[in-house]
Amino acid sequence: MKMTIRKTFFAATAGLALLASAQQAQAHAHLKSSEPAAKTEVTTSPKQLTLTFTEGLEPAFSDVVLKDSQGAVVPTGKAVVSKSNGKQIVLPLTAPLAAGAYQVDWHVLSTDGHKTKGDYSFTMK
Ligand SMILES: [Cu+2]
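What the sequence shown shows, in mature numbering (1 follows the signal peptide of the UniProt record, and there is no 0), is residues -27 to -1, 1 to 98, in sequence order.
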């Protein structure tokens, strides 16, 4: 009987641990939206790229890089976390974008101490 209780307790504890780690995973900063949006075609060159995440970001460890269709880094201003929204990072563009496909590479550290990264693309008509 004692053994059974222990096993049940162990199973319950393991289940709780799984649940807790799943909740932590959800707390990481995931890309919620962007401007220009992923997989869209824009006709006017944007003045900046804005990426909005699900969690607050650590500015010193969060960055965005824009690449052209050849994979070459497009010169831009420095990516900054928005002062009015700590979940938002803005990459200022210093020159109009030429027509073509672009990839946005991002990596961020959320305020809960977890790193995430990803990329998306958009097209300049
Ligand atoms: Cu996290």
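Just so you know, even glycine gets a beta-carbon here, dropped at the ideal spot from N, CA and C.
**Request:** Tell me whether the beta-carbon of E28 lies closer than 8 angstroms to the beta-carbon of D85.
**Result:** Result yes, Cβ atoms of E28 and D85 sit closer than 8 angstroms.
**Message:** Tell me whether S35, by its Cβ, gets closer than 7 angstroms to a heavy atom of ligand 2.
**Reply:** Absence of ligand 2 from the depicted structure is noted, with ligand 1 being the only ligands included.
**Request:** Identify the continuous beta strand (DSSP E) that holds S94 and give its terminal residues.
**Result:** Its beta strand (DSSP E) spans residues 88 to 97.
**Asked** What is the DSSP secondary structure of A33, counted as helix, strand or coil?
**Response** A33: helix per DSSP, three-state reduction.
**Prompt:** For D41, which residues of its own chain have a beta-carbon under 7 angstroms away from its beta-carbon, when the five flanking residues on both sides are left out?
**Reply:** So the list reads V47, G73, Y75, once near-sequence residues are dropped.
**As assigned by DSSP and simplified to three states, the class of A(-1)** = A(-1): helix per DSSP, three-state reduction.
**Message:** Residues around ligand 1, please: the ones whose beta-carbon is closer than 5 angstroms to some heavy atom of it, in chain order.
**Reply:** The answer, residue by residue, is A(-1), H1, D85, H87.
**Message:** Quick check: the Cα distance between H80 and A52, rounded to an integer number of angstroms?
**Reply:** If I take the Cα positions, the gap works out to 11 angstroms.
**Asked** Quick one: what's got a C-beta closer than 8 angstroms to S83's C-beta in the same chain, skipping five residues either side?
**Response** Excluding positions up to five away in sequence, the list reads A(-1), H1, A2, F26, E28, G29, L30, E31, T89.
**Prompt:** What does S55 pair with, by DSSP beta-bridge criteria?
**Reply:** Answer by DSSP bridge pairing: none, since S55 is not bridged.
**Prompt:** Does DSSP put E14 in a helix, a strand or coil?
**Reply:** E14: strand per DSSP, three-state reduction.
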